[in-house]
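Colleague: Quick note on UniProt numbering: the sequence shown kicks off at 1 and runs consecutively.
Cβ atoms here follow ideal geometry from the backbone N, Cα and C, with glycine treated the same way.
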Amino acid sequence: MKTSLWTLLDQFYPPAPTFTEKDIVAGSQVGKVFIITGANSGIGLELVKFLYPTGATIYMASRSLEKIHNAIAQVSSTSPAPATPATLKPLHLDLSDLNTVKPAAATFSAQETRLDILWHNAGFAYPPGTVTKQGLEAHTGAHCVAPLLFTHELLPQLQAAAKFAPKDSVRIIWTGSVQIEMSSPEGGVDFARLEKPATNQNRDYAVSKAGNYFLASEGAKRWGKYGIISVCENPGNLYTGIWVNEGWWFVVLLRILLLYPSKYGAYTMLYAGFSPDVNESTNGAYIWPWGRIKPVGRPDVLQAVTDGKATEFWEWCERKWKQYI
């Protein structure tokens, strides 16, 4: 469970981004279709702002349609208006309730025949003991089980895009965290505790992020044959709404010492979504802030993937959502 101090510091204080909105040519994504979960605020909203001039169709998914409509209005009022503005569409999706996942995918598939990039960006920090509508530990339920079901339901559109899109451009982006290195149990996921009540917020959050890395790795194996790329990125330590339940003095201290503006997390996501470094040869990779392909800094977590724990976690997630398809 040990990780080096350098591994942590290199993620706490990354070098300058090498892939930014300037690397995405205006109008270059006309005809492409994207989904960004948690797009009404924070990293997701910053990512939408970066992509707005590209001409893509962007579905902004959230559990609050009101917040999504407000975010769409905010982005659409950009001045000066881009020559090729993206088409922004709302999509209701509550990742804490599996009953909403298939309808969300159905709403999307009724309008689109392709999906080029799916960013699993939505992230939550729940108090210990919080569970989803289906009784799952809230972090693992909302970060892993529901997103995997959502992806499963969107596979026809992802596969359709991969048949015609440029090689390696159809991607699924999962979201990790430095908490994998700092707080996850031995092997990343303690399978003996997955079904037990949650008691430690940092640990539970870290388990869900290790789970995202497992799903990205396993997804690369299962979906690579279709030409789909699946990677996991740590967006970095950022000042977003995820800190809303923390004490103000603690957040102020973090902002001084560790937290960056949320747009930096969007740089990491841009890299994961568009950098040529992400390709068939790096499928399943982990990405550090603000866009660097490097392995997870915990040998035991890497070994867990080698030992088949990613497959085991995938199958556990499938059992949890099977009745909702």
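Helix or strand or just coil, what does DSSP make of residue 346?
Modeller: The shown model of the chain, from 1 to 325, leaves out residue 346, and the question about it has no answer.
Colleague: My output table needs one value for residue 173: the three-state DSSP class, helix, strand or coil.
Modeller: It is a strand residue.
Colleague: Do residue 3 and residue 27 have their C-beta atoms within less than 8 Å of each other?
Modeller: Going by C-beta atoms, residue 3 is not nearer than 8 Å to residue 27.
Colleague: Give the DSSP bridge partners of residue 62, in chain order.
Modeller: In the DSSP output, where bridge partners are listed per residue, residue 62 has 92.
Colleague: Looking at the unbroken alpha helix (DSSP H) that takes in residue 327, where does it start and where does it end?
Modeller: Because the chain in this structure spans residues 1 to 325, residue 327 falls outside the shown range and cannot be described.
Colleague: When DSSP labels each residue in this structure, what does residue 267 get in the three-state scheme?
Modeller: The answer is helix: DSSP assigns residue 267 an H, G or I state.
Colleague: Within the chosen definition, does the region 156 to 164 reach the region 112 to 122 through at least 3 CB pairs nearer than 8 Å?
Modeller: A contact exists between the region 156 to 164 and the region 112 to 122.
Colleague: Between the alpha carbons of residue 81 and residue 75, how many angstroms are there, rounded?
Modeller: Roughly 10 Å between the two C-alpha positions.
Colleague: What is the residue span of the alpha helix (DSSP H) that residue 46 lies within?
Modeller: 42 to 51 is the extent of the alpha helix (DSSP H) around residue 46.
Colleague: Check whether the region 170 to 177 and the region 191 to 199 are in contact - that is, three or more C-beta pairs closer than 8 Å.
Modeller: The region 170 to 177, when compared against the region 191 to 199, does not touch it at the 8 Å Cβ threshold.
Colleague: Going by DSSP, which residues form a beta bridge with residue 8?
Modeller: None, per the DSSP bridge assignment.
Colleague: Considering residue 124, what are the terminal residues of the beta strand (DSSP E) in which it resides?
Modeller: It is not in any beta strand (DSSP E) - residue 124 carries neither H nor E in the DSSP assignment.
Colleague: Please tell me whether residue 210 and residue 180 are closer than 8 Å, where the distance is taken between their beta carbons.
Modeller: Their beta carbons are under 8 Å apart, which means residue 210 touches residue 180 by this criterion.
Colleague: Buried or exposed, going by whether 16 or more other CB atoms sit within 10 Å of the CB of residue 149?
Modeller: Buried is the call here.
Colleague: Alpha carbon to alpha carbon, how far is residue 147 from residue 216? Give it in angstroms, no decimals.
Modeller: The alpha-carbon atoms of residue 216 and residue 147 are separated by roughly 11 Å.
Colleague: Thinking C-beta only, is residue 213 closer than 8 Å to residue 271?
Modeller: Going by C-beta atoms, residue 271 is not nearer than 8 Å to residue 213.
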